[in-house]
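Notes follow the structure.
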Amino acid sequence: MPSRSSSSSSGLTAWLLIAALIILADQFTKILIIGAFQLGDVRPVTGFFNLVRAHNFGAAFSFLHGASG
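Below is the structure:
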């Protein structure tokens, strides 16, 4: 029977691997979009879903974007 620490260690490793794969996929899609789209380009995917290249220059969701300092 595996010890509890090796079981939690393998669970942690699995979650870290999943997180790393998500980060890699995110960076890969960013590179693809930057290479294929100009800023503001819109590409319809379906009738209700579009891909749009936009940049967020503020913190989370442009919070404090116009603030000075």
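Residue numbering for the sequence shown follows the numbering used here, beginning at 9 and increasing consecutively.
Each residue gets a CB set at the ideal place from its N, CA and C atoms; glycine is no exception.
- With respect to the C-alpha of Leu47, the residue from Ile30, Lys38, Trp23, Gly55 having the closest C-alpha is Lys38.
- In the DSSP assignment, Asn64 forms no beta bridge with any residue.
- Rounded to whole angstroms, Leu25 and Ile41 show a C-alpha spacing of 24 Å.
- Looking at the DSSP output, Val53 bridges to nothing.
- Each residue's CA atom was taken as its position, placing Gly43 and Ala27 some 25 Å apart.
- Under the three-state reduction of DSSP, Leu47 is assigned to coil, being neither helix nor strand.
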